[in-house]
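Reviewing the structure listed below.
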């Protein structure tokens with residue numbers, strides 16, 4: 003009776019031959035392991051006849067490789083080991099495969115749109131088809147949204163535009179005079195003797211400002227003086243219904259501006275609380291509206 007744990011005789015024979023040949027050749031297990039790239043522990047088990055350390059297919063492959071490395075060329079013994087491991091040969095595997103039919107049924111693809119879709123699915127991955135479909139739908143929705151928004155804008159534009167009067171410049175005016183405080187004005191008390199009686203002339207800033215027409219014979223008999231008393235503000239003046247349009251601008255504290263007109267001034271002040279107005283030397287009462295008309299009395 004065979005001793006328990008022992009494997010078939012062909013495997014025992016081959017493992018013993020392997021061990022003896024290796025020892026006679028003076029080769030160590032480390033050298034063989036490095037040569038055939040099989041772990042030393044696996045080689046030890048093969049030489050000891052222990053074939054249970056891995057599934058039979060792997061053990062048989064290692065056994066065959068080990069024998070080949072030592073020059074053992076015994077095909078009959080190798081095939082007996084295969085049988086004892088119950089590993090079928092390639093021919094046996096092919097015989098076990100089901101027999102293929104002699105003729106194949108012909109698949110006739112459907113015609114029309116359905117057939118086109120099937121052909122498209124065969125040529126293009128489903129994920130690409132789905133992604134392309136989603137992208138196409140998004141583009142259509144985006145175009146519709148742009149078209150709808152343009153329609154709304156065109157419908158709302160007439161109501162949204164505020165009608166503002168267009169300012170017409172009749173003639174190119176000279177810039178407003180920014181009067182400094184140096185005594186450079188050629189007009190004095192002798193030239194305009196009545197100007198000295200004006201109350202505003204008692205103030206230091208007004209001493210060198212001409213509040214009356216420079217030429218008594220000039221048709222521009224109205225003089226507007228704008229004094230910036232705080233911070234800065236926008237000032238724009240138009241004389242006599244557009245006959246003279248003075249350029250507007252931002253002016254700072256202590257600047258004094260002088261304008262002339264025949265009869266009246268249209269005045270636009272950005273911050274009314276920051277200015278003082280004088281017409282022919284008379285102080286204009288404080289006001290809060292940004293646009294005022296100063297007519298001839």
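In the working numbering, the protein residues as written are 3 to 299.
Where a beta carbon is used, it is the ideal one built from N, C-alpha and C, also for glycine.
Just so you know, these numbers come straight off a predicted model, no measurement behind them.
Distance between residue 257 and residue 244, taken at the CA atoms: about 25 Å. A contact is defined here as three or more CB-CB pairs under 8 Å, and the segment 199-211 fails this definition with respect to the segment 238-253.
Its Cα nearest to that of residue 233, the residue 278 stands out among 278, 141 and 267. Using a 10 angstroms sphere on the CB of residue 53, the tally of other CB atoms reaches 16 or more, which defines it as buried. By the beta-carbon neighbour count (other beta carbons within 10 angstroms, threshold 16), residue 280 is buried. Considering only 74, 58 and 67, the residue with the shortest C-alpha distance to residue 90 is 58. In this structure, the alpha-carbon of residue 226 lies about 11 Å from that of residue 268. For residue 60, the enclosing alpha helix (DSSP H) stretches over residues 58-71. Around the beta carbon of residue 283, 16 or more other beta carbons lie within 10 angstroms, which makes this residue buried. Distances from the CA of residue 39 to each of 275, 64 and 84 were compared; the closest alpha carbon is that of 64. Beta-carbon to beta-carbon, residue 297 and residue 264 are separated by about 11 Å, too far to satisfy the 8 Å threshold. Residue 137 sits in a helix when the DSSP states are folded into three classes. When rounded, the separation of the alpha-carbon atoms in residue 149 and residue 142 is 11 Å.
Listed as beta-bridge partners of residue 53 by DSSP are no residues whatsoever. For residue 286, same chain residues with a beta-carbon under 6 Å away, outside a window of 5 residues either side, are 279 in chain order. The beta carbon of residue 73 sits closer than 8 Å to those of 23, all from its chain and outside the five residues before and after it, given in chain order.
In this structure residue 231 is exposed. Its beta-carbon is surrounded by fewer than 16 other beta-carbon atoms within 10 angstroms. Bounds of the beta strand (DSSP E) holding residue 229 are 224-230. As DSSP reads the structure, residue 238 sits in a beta bridge with 270.
Distance between residue 290 and residue 236, taken at the CA atoms: about 14 Å. Here the alpha carbons of residue 205 and residue 222 stand approximately 25 Å from one another. If you draw a 10 Å sphere on the C-beta of residue 45, you find 16 or more other C-beta atoms in it, and that means buried.
Residue burial annotation: residue 213 is buried, with at least 16 other C-beta atoms found within 10 angstroms of its C-beta.
The beta carbon of residue 224 sits closer than 6 Å to the beta carbons of 263 from its chain, once the five residues preceding and following it are set aside; these are given in chain order.
Counting other Cβ atoms within 10 Å of its Cβ, residue 137 stays below 16 and is therefore classed as exposed. In this structure, residue 20 sits near residue 49, with a CB-CB distance shorter than 8 Å. Spanning the alpha carbons of residue 77 and residue 18 requires a straight line of approximately 16 Å. By the CB criterion at 8 Å, residue 56 and residue 42 fall outside the cutoff. In this structure, the alpha-carbon of residue 271 lies about 6 Å from that of residue 293. CA-to-CA, the gap between residue 62 and residue 134 works out to about 53 Å. A distance of 8 Å or more separates the beta carbons of residue 247 and residue 261.
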